[in-house]
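Sequence order for the protein chains is S and V.
Here our numbering is used: the first residue of the first sequence is 1, the next is one more, and so on.
Here our numbering is used: the first residue of the second sequence is 301, the next is one more, and so on.
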Amino acid sequence: MRYGDQRVGEYKLTTEHKMRARIRALTDGAATGLAVLSTLLVVAPLVAIFVYLVYKGASSLSWAFFTKNPAPVGEAGGGMANAILGSGILLGVGSLIGVPVGISGGIFLAEFGRGTKLANAVRFTADVLNGVPSIVMGIAVYSLIVVPQRHFSAFSGGVALGIMMIPTVCRTTEEMLLMVPHAVREAALALGVPNWRSVLSITVKTASPGIITGAMLAFARVAGETAPLIFTAFGSPNWSVALNEPIAALPLQIYVYAISPYDEWHRLAWAGALVLIVLIVLAVSLVRYVTSRGVLKGAS
Amino acid sequence: MGVGIEVVSLNAWYGTNHTLQDIHLNIPANHATALIGPSGCGKSTFVRCLNRMHETNPIARVTGTVRIGDLDIYKDAKPVEIRRRVGMVFQRPNPFPTMSIYDNVAAGLKLNGYSNRRALDEIVERSLKNSALWDEVKDDLKKKSGASLSGGQQQRLCIARALAVDPEVLLMDEPASALDPVSTSKIEDLIFQLKSQYTIVIVTHNMQQAARVAEKTGFFLNGRMVEFDLTHKIFTNPSDKRTEDYITGRFG
């Protein structure tokens with residue numbers, strides 16, 4: 001553009017500029033609108049489920065629900081105390097198996113076995129395991145533990161849940177470790193820190209918030225599992241804390257009550273579902289709170 | 301105290317790429333030595349061979365001899381022992397993000413099992429003073445994370461972290477290239493002070509920087525060391541035509 005044309009050029013530029021700015025503003029608005037809409041679509045089912053559960057179940061919640069065991073058929077009242085405890089025990093056993101094995105596997109995949117045939121085989125196995133239907137997991141544990149022992153048990157239920165947790169924990173741990181910058185690993189090695197120590201104290205620690213999220217995801221997923229418990233934990237109307245006996249679990253109890261012909265039990269099933277969701281949210285929040293304090297402590 | 305470094309016919313590869321070819325070099329103790337050269341000439345690979353960081357890459361390979369003081373580092377010692385005696389500062393500041401300022405400095409000792417609290421306090425203070433960061437951070441040693449500092453402060457934190465394990469040699473791989481001019485001059489002042497206690501090898505793209513901080517300078521080109529001499533000789537009267545072309549800006 002010649003110097004003398006500047007005014008004309010400037011004028012032309014501004015009209016074009018204004019038009020483009022309007023198009024940009026419209027595109028921006030549309031994109032923001034889509035994002036907000038998608039967010040609502042994601043949140044809506046959760047909110048809907050929760051509201052419906054509260055609507056259906058809250059009225060059946062009482063002190064007895066948390067302190068009493070299920071009442072025999074025909075009797076009114078009763079609660080799910082044994083199922084709440086049972087779920088806690090099953091998830092405890094499951095986490096004790098699934099979290100350490102999963103995290104160790106993830107550390108192996110990301111740090112020690114990278115590029116090896118064994119690592120590829122492990123990764124493939126984890127992905128396949130992730131896709132195994134939960135009922136199949138139940139039958140597998142049934143034939144591996146329940147049949148040889150000749151009785152259902154809390155232990156076998158915990159094992160089934162634990163195995164289901166492994167692939168999720170393993171793969172998220174791997175992904176989180178791979179996100180730790182190479183520079184951080186090099187910094188540790190250059191200080192004369194042995195590789196294993198650098199992995200455990202630096203890399204894993206740096207990735208720990210993500211690893212914990214993965215473990216919580218796996219925990220929340222199996223907390224609601226019913227199918228793998230049908231042939232293993234089996235369920236029980238009684239109070240039980242023994243690992244070698246059948247044990248009640250919230251999802252099992254909900255299932256039994258929901259398919260029963262009694263209105264009273266239907267209401268209890270709704271209450272059970274509400275309690276299950278609230279307990280999962282509480283457990284996940286608690287772990288997050290405790291571990292985030294731990295991380296801060298390490299950083300302070 | 302620093303020790304001298306003697307390099308005899310050092311060769312290094314990344315896969316099939318022969319990145320360092322037959323390097324012979326004597327680096328004097330308690331001096332700063334600068335390595336200059338265009339990108340990809342092998343100067344970073346060279347310093348990484350001096351603390352055996354090169355071999356942390358699975359496709360990397362090294363042959364030849366490197367003596368640090370009396371120690372033949374590829375024969376007589378394990379990599380972790382070498383790296384405690386030869387500290388390293390990287391191009392981009394890389395403090396441990398989850399650790400406090402204090403823990404960053406103490407990391408090298410703590411992770412090697414050293415746990416005497418009072419001695420650690422002393423070492424952390426001394427290292428931060430030596431890296432000219434103490435006055436800026438002494439009030440939030442354990443409150444602030446290392447990652448919350450500015451880029452220049454982070455780099456001095458990394459220098460403190462390297463000094464805390466009490467090395468004899470300090471390798472610096474373009475330590476100021478990601479920093480602003482003020483932070484850069486702080487790092488250069490620091491190199492000036494530190495070279496009375498440590499042998500310093502600094503890789504730099506910045507020829508003025510080499511001229512300012514180093515007594516001797518080596519010029520690398522295409523994996524070979526073209527010339528190694530007193531810094532003022534390299535910059536005023538180089539013996540090799542290629543060195544002259546490079547420092548006068550004809551290439552690189």
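Ideal Cβ placement from N, Cα and C applies to all residues, glycine included.
Problem set entry | Neighbourhood of PHE155(S) by C-beta, 8 Å cutoff - its chain only, sequence neighbours within 5 removed | Here residue 155(S) is taken as the residue at index 155 of the first sequence, counted from 1. Here the set comprises VAL93, ILE145, LEU243 and ASN244.
For this session: Kindly indicate which three-state DSSP category ASP545(V) falls into: helix, strand or coil?
Result: For this step, residue 545(V) is matched to residue 245 along the second sequence. Here ASP545(V) sits in helix by DSSP.
For this session: Determine which residues of the segment 391-402 of chain V have a Cβ less than 8 Å from any Cβ of chain S, and write them out in chain order.
Result: ARG392, ASN394, PRO395, PHE396, PRO397, THR398, MET399 and SER400
Exercise. Between which two residues does the beta strand (DSSP E) containing ALA332(V) stretch?
Worked result: Sequence index remark: in the second sequence, residue 332(V) carries index 32 (1-based). Element bounds for ALA332(V): 332-336.
Exercise. Counting pairs of beta carbons, one from the segment 41-51 of chain S and one from the segment 214-234 of chain S, are three or more of them closer than 8 Å?
Worked result: no
Problem set entry | Test item: CB-CB of LEU554(V) and ASN330(V) under 8 Å | As shown, chain V starts at 301 and ends at 552. That puts residue 554(V) outside it, with no answer to give.
Exercise. When Cβ atoms are compared, which residues of the segment 343-366 of chain V fall closer than 8 Å to chain S?
Worked result: ASN351, MET353, THR356 and PRO358
Exercise. For ARG267(S), which residues in chain V fall below 9 Å Cβ to Cβ?
Worked result: By 1-based counting over the first sequence, the position of residue 267(S) is 267. By Cβ distance, chain V contributes nothing, its closest Cβ being about 48 Å from ARG267(S), past 9 Å.
Exercise. What residue from VAL184(S), ALA126(S), ALA160(S) and GLU186(S) has the CA that sits closest to GLU174(S)'s CA?
Worked result: Walking along the first sequence from the start, residue 174(S) turns up at place 174. Looking at the Cα atoms, ALA126(S) is the closest of the given residues.
Exercise. Do you know how far the Cα of ARG22(S) is from the Cα of LEU335(V)?
Worked result: By one-based count along the second sequence, residue 335(V) stands at place 35. By one-based count along the first sequence, residue 22(S) stands at place 22. Each residue's alpha carbon lies about 54 Å from the other.
Exercise. Does DSSP put GLU75(S) in a helix, a strand or coil?
Worked result: Translated into positions along the first sequence, residue 75(S) becomes position 75. Three-state DSSP puts GLU75(S) in coil, outside helix and strand.
Exercise. Using a beta-carbon distance cut-off of less than 8 Å, what residues from the segment 406-425 of chain V approach chain S?
Worked result: ALA407, GLY408, LEU411 and ASN412
Problem set entry | Interface residues of the segment 171-194 of chain S facing chain V [CB-CB below 8 Å] | PRO181, ALA183, VAL184, GLU186, ALA187, ALA188, LEU189, ALA190, LEU191, GLY192, VAL193 and PRO194
Problem set entry | Where SER300(S) sits in the DSSP three-state scheme | Counted from its first residue, the first sequence places residue 300(S) at position 300. Any answer about SER300(S) is weak, because its pLDDT of 31 lies below 50 and its placement is not dependable; what the coordinates show is given next. In the structure shown, SER300(S) sits in coil (DSSP, three-state: anything other than H, G, I, E or B).
For this session: Spell out whether any CB of chain S is found under 8 Å from the CB atom of MET301(V).
Result: Mapped onto the second sequence, residue 301(V) falls at position 1. By this cut-off, MET301(V) is not an interface position.
Problem set entry | Where the segment 205-218 of chain S meets chain V: residues whose CB sits under 7 Å from a CB there | LYS205 and THR206
Exercise. Near THR232(S), which residues of its chain fall below 8 Å by C-beta distance, leaving aside the five closest residues on each side in sequence?
Worked result: Residue numbering aside, residue 232(S) sits at position 232 when the first sequence is read from its first letter. Result list for THR232(S): GLY138, VAL141, TYR142, ILE145, VAL146, PHE152, SER153, SER156, GLY157, VAL159 and ALA160, in chain order.
Exercise. What residue range is occupied by the uninterrupted alpha helix (DSSP H) comprising GLU174(S)?
Worked result: Position 174 of the first sequence, counted from the start, is the residue given in the question as residue 174(S). Element bounds for GLU174(S): 154-178.
Exercise. Is the beta carbon of VAL169(S) less than 8 Å from the beta carbon of VAL99(S)?
Worked result: The sequence position of residue 169(S) within the first sequence is 169, counting from 1. The sequence position of residue 99(S) within the first sequence is 99, counting from 1. Contact flag set, yes.
Exercise. Helix or strand or just coil, what does DSSP make of GLN454(V)?
Worked result: As a position in the second sequence, residue 454(V) is number 154, starting the count at 1. Three-state DSSP puts GLN454(V) in a helix.
Problem set entry | HIS565(V) versus ARG123(S): straight-line alpha-carbon distance, rounded | For residue 565(V) there is no data in the structure shown, the boundaries of chain V being 301 and 552.
Problem set entry | Residues near ARG512(V) in its chain [Cβ-Cβ closer than 8 Å; skip 5 each side] | Position 212 of the second sequence holds residue 512(V). Excluding sequence neighbours, ARG512(V) sits near GLU488.
Exercise. By the criterion of Cβ-Cβ separation under 7 Å, what are the contact partners of MET388(V) in chain S?
Worked result: Mapped onto the second sequence, residue 388(V) falls at position 88. Within chain S, the residues near MET388(V) are ALA190.
For this session: Decide if TYR546(V) is buried, meaning its Cβ has at least 16 other Cβ atoms within 10 Å, or exposed.
Result: If you number the second sequence from 1, residue 546(V) lands on position 246. It is buried - the Cβ of TYR546(V) has at least 16 other Cβ atoms within 10 Å.
For this session: With DSSP as the reference, please indicate the residues paired to GLU527(V) in a beta bridge.
Result: Looking up residue 527(V) in the second sequence gives position 227. Answer is PHE519(V), bridged to GLU527(V).
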